[in-house]
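Novice: Below are the structure tokens for one structure; questions will follow.
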Amino acid sequence: MVRRRFTGDTLVIASHNAGKVREIGDLIAPFKVRAISAGELDLPEPEETGMTFIANAELKALAAAQTANLPALADDSGMSVDALDGAPGIYSARWAGPSKDFGKAMQKVWTAVEEKGAEPPFGAQFVCALSLAWPDGHVESFEGIIQGKLVWPPRGLHGFGYDPMFQPVENNEMRTFGEMPAAEKHAISHRALAFRQLIDACFG
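Going letter by letter, the sequence shown gives residues 971 to 1174 in the numbering used here.
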């Protein structure tokens, strides 16, 4: 399958989440692409009606690209917990409520796991879908998944979202994402895995 190449110098990051915008901005910086967030452009946040991460990423990327008349990159990501049949999944941000309180969201996840009576280790995955859209409606999408397990209490002050309760299992890692410096997280994260696919297909 022939992928469309990105040839511009400006890319809209279709997110109002400062943590996501920062991480994506860091990842595209080496390509000398100017990143503008949806928040800076005062773009509305579309309702996420998709039933998969990719569907929601495409919805957000297309909305931003067509409103701003610029190529746009959207991320839809979240944490899926085995004991919760994949929840919170695509609803990960919504579990944090209108105030985006991920301290409460993490407590909600842990309480739900305990109520299930599951036995440790509590397997989980972080999933990231990235969609690059153009104003003409063309879109390219990619997905990265990293395996891990839940820890309690949360550990670390780095990252954002559920990072402090997610410990990747790769290379027998003992730290949570919340305890890892940004550069180390970027090297192995679900977002980095999806981003490598995007770069190889559309930027390389």
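All C-beta atoms, glycine included, are put in the ideal place defined by N, C-alpha and C.
In this text, all values refer to a predicted model and were calculated from it rather than measured experimentally.
#1: Counting along the chain, where does the alpha helix (DSSP H) carrying ARG973 start and finish?
#2: If distances are taken between C-alpha atoms only, which option among PHE1112, GLN1137, PRO1151 comes closest to LEU1168?
#3: In whole angstroms, what separates the C-alpha of LEU1102 from that of ALA1042?
#4: Of all the options LYS1078, PHE976, TRP1104, which has the alpha carbon lying nearest to the alpha carbon of PHE1001?
#5: How many angstroms separate the CA atom of GLU1085 from the CA atom of PHE1130?
#6: Distance, Cα to Cα, ALA1094 vs LEU1120?
#7: Pick out whichever of PRO1138, GLY1114, GLN1117 has its Cα sitting closest to the Cα of ARG1125.
#8: Compare the C-alpha of VAL972 against each of HIS1160, ALA1157, HIS1108 and name the closest.
#9: ALA984 to PRO1016, Cα distance in whole Å?
#10: What's the C-alpha gap between ALA1033 and ALA1082?
#11: Let me know if PRO1134 comes out buried or exposed under the rule of 16 or more other beta-carbons within 10 Å of its beta-carbon.
Specialist: In terms of the structure at hand:
#1: Note, ARG973: premise wrong, no alpha helix (DSSP H); not H, not E.
#2: PHE1112
#3: 6 Å
#4: PHE976
#5: Going by the C-alpha atoms only, they are around 25 Å apart.
#6: 7 Å
#7: Of PRO1138, GLY1114, GLN1117, the residue nearest in Cα terms is PRO1138.
#8: HIS1108
#9: When rounded, the distance between both Cα atoms is 10 Å.
#10: 34 Å
#11: buried
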